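Chains as they are written, first to last, in our numbering: chain P, 1 to 714; chain Z, 1001 to 1565. In what follows, a structure is listed as structure tokens, so that the remarks can point back to it.
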Amino acid sequence: MNILNQLLNNNGILILDGATGTELSERGMPSGVSPELWVLENPSSIRSVQDDYFNAGSDIVYSCTFGGNRIKLAQYTDDLSAVFDINRKLAAISKENSSGGLVFGDMAPTGKFIEPFGELAFSEAVDVYREQAAGLCAGGVDGIVIETMMDLQETRAALLGAKEAAGERPVVVTMTFDADGYTLNGTHILSALSIIQSLGADAFGCNCSTGPAEMLELIKIISPYSRIPLMAKPNAGLPKLIDGKTVFTMGAEEFSSYSRQFIDAGVSIIGGCCGTTPGHIEKVKQALDNYKPSARSEKKSFVIGTVKDAQVSSADDPLLLINTESGDKYRKCSADELRDSLVEFCIHNSYIPVIRYDNEANLSVTLNIYPGRALIAVKNQNEFQTVLPLANKFGAVIFADGFSPENGSDSECLTDIIVCCNDIKNENYIYAFNLSAIEHENDRLFEISMLYKNEIPVLAGNPSDDLCDFIVAYDALTGRDKKLENLMSRLHQSESKPASDSDVEDKDPVYMAVLKGRDNVIENAINDSLKNGTAPGKIVDEYLIPAINVVGDLYEKKEYFLPQLIMSADTMRKGFQILEPLLAAENSSKSKDGLVVIATVKGDIHDIGKNIVALMLRNYNFDVIDLGKDIDDKTIVDAAIANKADIIALSALMTTTMVQMKTVVETAVKAGCKARIIIGGAVVDQNYCNEIGADGYSSDAMEAVKLAQRLIQV
Amino acid sequence: MTREEFAQLCLKKTVILDGSTGIELIRREMKVTGSIESSILDSPDMLNELQRQYCEAGADIILTPTLGANRVKLQEYSFDGSVRELNRELASLSLKTASSFSTEVFGNISSTGRFIEPFGDLLFDDAVDYFREQAEGLLEAGVNGFFIETMIDLQEARAALIAVRELCELPAVVCLSFDKEGYTLNGSSPRSAVVSLQSLGADAVGCNCSTGPAEMIPIIQKMATCTKLPLVVKPNAGLPSLKSGKTVYSMDKNEFLSYIPNFHKSGVSLIGGCCGTDPGFINDIAVQWSNKVPLKRESFMASAIASHRTITQFGAGNFTLIGERINPTGKKDFQKQLREKDLTTIEIFASEQQEFGANVLDVNMGLSGIDEREMMLKTISLLSRISPLPLCIDSTRPEVIESALKLYPGRALVNSISGEKDRLEITLPIAAKYGAMLIILPLDDNGIPATFEARVQVIRKIIDEASKYGYTTDDMVIDGLVMTISSDQKAAKTTLDLINWCADNGINSVCGLSNVSFGLPQRDIVNSAFLALGAQRGLTSAIANPSSERLRKIISSINRKGCRI
């Protein structure tokens, strides 16, 4: 275990330093000089800054080597043979002063673009960073930090170079993203996480560019998919231009108020960037004193990034399908082809390459330079073992392409691949699971369910339509398809044409919310409508009720199914809750259409159907008194008489309890109750309704509403 | 002798039975007028002589000479006395002879010679009454146990055993007669017989008569695979041949004896002889085998149900598909037919489901406006005749379940026992009386528990309650009780967790698959996917419509891979 993980185990949270450059200016550093060269002349300045940070509570400070790579230094000095020594000396200055605290050697951009996007050869970039890192290590740093990176390929070069020089020392990476989560060169933060963590960084995070509020949101995006510690080093708020100068104005108090939220979001290494001072760090330290991070959830997840965007999936998400045959997102190629058309792969179409293994040397060269996570297709155990160390080094995902069963049955082979990958204990390719390992199409339908049992997030292969149908069903049954949206859209679509959106899309937002069952937007939609001066009664009459009527029709036509009916009804109920007090205030003369007493009969405890009917009746302007389940005849009839009910609605699911309906009818007749009696439930039908002398039967909730309306002639 | 003492005896030593009685008496030229049974009363000394010889030869148990002493048989001889009295007198003779020895006397009951409903015109209840009448006489004389033998029909053996069990708690041994092909005359298989009789409370099972010892070995080996009960053999002295107009059994006792090591190896605990054997045979068997401890049979097939022809075992690597179609809910045309007592569709449903691979047929006759009990019995009668598949009796009415289990010529599955008070207090004892296997439903009077933990609590309560009636978890299949995911997305997970729990505890589980997809499109896909997820967690059976091709694909994959338990 490296020193970073040891400390995290002991302390839980590690605190970094704040800004260095501004602190040095305050200690006399003139503008326009190379800070590295100036500090070499004035070592006490950096010692003073770092003393302040250690005193404020920093566990780790960065060496003053931000611009210490040969390309940056070339702007200030001709003697590039001194680069190693400059870094060694600067590291030593900080380390000698640290009295037990940790010093990380700081590395940052060269300012040049790297192939395939720029002139600088990738291998040269690796050399530049290896040289700087070697100097830092010789000076005694405890780890390397690569920060303020804006280009993914340069970050990869820095990480590969640093790891070659750092030995057992940890190498951590923070990059700079805008508030939308993209680097200046257009790489999304999730993609960056995927590539950098699989390449072997010991921690990953963001620094600079935004204030804590914006950075917090970015951390939340990557946290579920990160398997390494997360870092945050935000600026002191967003920069302001005052008197032609960029200044950061967020005070220590406000800055530190985000600290606990960062920890809650999954960060364990925290500090400050531009505009932060030892005062800021001190407040952060205070805010986190004795604060215990909650355990990160260990969800199995998979994320594969290109230089642009990432595809992600966790065991809570719908299964991620990597279709290796279709040219949509993935493209099969040889190692040579990938190298020859890197720009095509990375920029123009942004494919994820699926490299067919040919030989080790060729693969190594390609993986080295490809700025993303690649997939490698191997055909047998031998190839798998050969490719393993390379995949490890470069964070590629191996999957078995047509891995033929060598011994035993298909399912044994399938199990072998999972077990084999688990044994390696390398997250890079634990969870890629290959479809073609299951030889028989028929068995695939079943074997895929194993992915769900093992909470595997990703599947590679070329699934049939049948299999895709099963996958949405599996997703729905295991809670991975929230609100059954994928299931409804795929299975429903193949069954009948969905309701056309075009003619209703321009309708009122309240209407649309109910029609689409969007219970999360109904509140805003109604409030907006009220603000625009629409009367509450009008919202009900012109939007809510027409919408639920359409939902009811769609349900009857089997274009909507139960989940949609329930979601729409729930949305409508939410809407009513907002409008009800206003309607009363409006002195609404509009009375209810009728009063229904509803119950599941004695001896029967099934109430799902009854609850849906009650909900629908309420939505259709009935007063509903829901007596609940297992209710005897006398209670029902008494309630109907006491409340002058127009209708008694009875539910029963079992042949043994349906006879209670007859008892209720008899009791009502004896008591002279005037309410009409309607029945429903899986075991009853119109025949039974006639047999017991009830007034009506309905087979579902929509029909029940219409029946009730008919009986009281609304 | 208590049932426990009998069980202990069978563990301790090879129990020696007697040889032929009636045929041996005729060979000794006893004068026969009318039935053998009434003739014996005229020559009590000959019986005394023969049975004394059996006792001296070392028989641990001899049988009363009452093989044909039931009302139906006796009527063939125009017997007009009291059946009960005749049995009491004959049993008293045997008891008197045995009183000078340490030999036990078991009351012998055998076939009426008629077929019983649903296979013949003798009503099942009447058959039980006739056997009860005979057993009462035997019991009055003070027999130490009962020996029901030479039964050619499982249904008749059931009637006799039910009669004995309703009267007393004495040991009861049941032997059927199988032909060379290994079936009884009415087509019952050895496995079906032992599964059914064991669940009804037999204390030992086996075969007698009909064949010689050689043919009995494979039959007894089949029986041994699916019962924990002691096994009995009483072979004839070879196959009969006709010599100068007389039936003779030509196997000598040395040849007869040479088969006994094979019986011993197959796990037999009680050995005697049938037609053509005499005290000499028994003497030699006793000398060689009386002190030998029967082999311990370690494993046997638990969790099996049976029709009178075949068995279906839950678990043991195979997935069990229970066909759900014989149920009128939601089937308009079928409902109309049932109201007119028309069973045509039931025949079609049964054969279609069998063709599609169902292992068990669920039968539900819950429909308003029909007599559920009557229709259930009609359906069981029909299915017992036309389908080899064991049945699952699906009803909420205790009286329907009781009548159904009584009539059913096999061991049925009862759907279902829940934690509701009336199910535990009324239905459970009924199921226990007939030894039915149980589907356990994790709900109680408070409804369906929402969480997995609460469901397990209800299940534990039901298991405790059922164990009071001698049930073990081997006799249970736990229903995962899945609800539709269209109203609760967690519904499927709760059920999967419960299935996992069942598998971890080695208990079989079942699911009514179609519930999970209620209100959704393409329910077949969702149902089949849920089946696969269930099987991954250890689900061993499902109630479903076997006509779904997707479902069958999944089941064949499950079977190729093998169930978890």
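Note that the Cβ used here is the ideal one computed from N, Cα and C, for glycine as well. A quick note: this is a predicted structure, and the numbers were derived from the prediction, not measured.
Query                                                                                                                                                                                                  : Result
Use the C-beta contact count for isoleucine 1271(Z): other C-beta atoms within 10 angstroms, 16 or more gives buried, fewer gives exposed.                                                             : buried
Using the DSSP secondary-structure output, state which residues sit across from aspartate 626(P) in a beta bridge.                                                                                     : Ile598(P)
Where does glutamate 1355(Z) sit, in a helix, a strand or coil, going by DSSP?                                                                                                                         : helix
Restricting to Cα atoms, I'd like to know which of Glu1465(Z), Leu1257(Z) and Phe1124(Z) is closest to aspartate 1422(Z).                                                                              : Glu1465(Z)
Output, in sequence order along the chain, the residues in the region 671-685 of chain P whose CB is closer than 8 Å to any CB in chain Z.                                                             : Ala682, Val683, Val684 and Asp685
Which stretch, first to last residue, makes up the beta strand (DSSP E) that contains alanine 640(P)?                                                                                                  : Not the beta strand (DSSP E): alanine 640(P) falls in the alpha helix (DSSP H), residues 633-642.
So, helix, strand or coil for aspartate 1444(Z), using DSSP?                                                                                                                                           : strand
Would you mind telling me which residues of chain P sit closer than 7 Å to valine 1510(Z), beta carbon to beta carbon, in chain order?                                                                 : Per Cβ cutoff of 7 Å: no residues; valine 1510(Z) is ~17 Å from chain P at best.
Taking isoleucine 545(P) as the reference, which of Val510(P), Gly140(P), Leu7(P) and Lys483(P) has the closest Cα?                                                                                    : Val510(P)
Using only the alpha-carbon positions, how far apart do serine 1039(Z) and threonine 1033(Z) sit?                                                                                                      : 6 Å
With a threshold of 8 Å between beta-carbons, can lysine 1493(Z) be considered close to chain P, or not?                                                                                               : yes
Does the region 691-698 of chain P touch the region 1013-1032 of chain Z, meaning 3 or more C-beta pairs lie closer than 8 Å?                                                                          : no
Can you tell me whether DSSP reads lysine 1243(Z) as helix, strand or coil?                                                                                                                            : strand
Can you look up cysteine 274(P) in the DSSP assignment and give me helix, strand or coil?                                                                                                              : coil
In angstroms with no decimal places, state the Cα-to-Cα distance between alanine 645(P) and aspartate 626(P).                                                                                          : 12 Å
Assuming serine 191(P) is part of the beta strand (DSSP E), what are its boundary residues?                                                                                                            : Serine 191(P) -> not in any beta strand (DSSP E); alpha helix (DSSP H) instead, spanning 189-198.
Can you give me the Cβ contacts of asparagine 1559(Z) inside the same chain, cut-off strictly under 7 Å, excluding the 5 residues immediately before and after it?                                     : Asn1318 and Phe1319
Residues of chain P with CB closer than 8 Å to the CB of valine 1526(Z), please, in chain order.                                                                                                       : Ala473, Ala476, Leu477, Leu487 and Leu491
Is it right to say glutamate 1549(Z) is buried, meaning 16 or more other beta carbons lie within 10 angstroms of its own, or is it exposed?                                                            : exposed
Residues of chain Z with CB under 9 Å from isoleucine 717(P), in chain order?                                                                                                                          : Nothing can be reported for residue 717(P), as the shown portion of chain P is limited to 1 through 714.
Taking the C-alpha atoms as reference points, what is the distance between isoleucine 1148(Z) and proline 1409(Z)?                                                                                     : 17 Å
Rounded to a whole number of angstroms, what is the C-alpha to C-alpha distance between methionine 149(P) and cysteine 206(P)?                                                                         : 9 Å
Per DSSP, what kind of secondary structure is arginine 227(P) in: helix, strand or coil?                                                                                                               : coil
Compute the Euclidean distance between the alpha carbons of proline 1449(Z) and valine 1458(Z), then round it to the nearest angstrom.                                                                 : 8 Å
Name the chain P residues that come within less than 8 Å of glycine 1538(Z), Cβ to Cβ?                                                                                                                 : Those within 8 Å of glycine 1538(Z) in chain P number zero; the least Cβ separation is about 10 Å.
Examine chain P for any beta-carbon lying closer than 8 Å to the beta-carbon of glycine 1519(Z), and answer yes or no.                                                                                 : yes
Taking the beta carbon of leucine 1139(Z) as the centre, do at least 16 other beta carbons fall within 10 Å, making it buried, or is it exposed?                                                       : buried
Using a cut-off of 7 Å between C-beta atoms, extract the partners of arginine 1397(Z) located in chain P.                                                                                              : Thr656
Less than 8 Å between the C-beta atoms of glycine 552(P) and isoleucine 712(P), yes or no?                                                                                                             : no
Alpha carbon to alpha carbon, how far is glutamine 6(P) from isoleucine 15(P)? Give it in angstroms, no decimals.                                                                                      : 14 Å
So is glutamate 703(P) buried or exposed if we call it buried at 16+ other beta carbons inside 10 Å?                                                                                                   : buried
I want to know whether the region 217-225 of chain P touches the region 172-190 of chain P - three or more CB-CB distances under 8 Å.                                                                  : yes
Figure out for me which residue from Ser259(P), Gly266(P) and Ala682(P) has the closest Cα to the Cα of alanine 287(P).                                                                                : Ser259(P)
Starting from the C-beta of proline 563(P), find all residues in its chain whose C-beta is less than 6 Å away, skip the five residues before and the five after it, and write them out in chain order. : Leu484
Span of the alpha helix (DSSP H) holding asparagine 382(P)?                                                                                                                                            : 381-394
Looking at C-alpha atoms only, which residue of Arg1537(Z), Thr1494(Z), Asn1500(Z) and Gly1435(Z) is the closest neighbour of leucine 1200(Z)?                                                         : Gly1435(Z)
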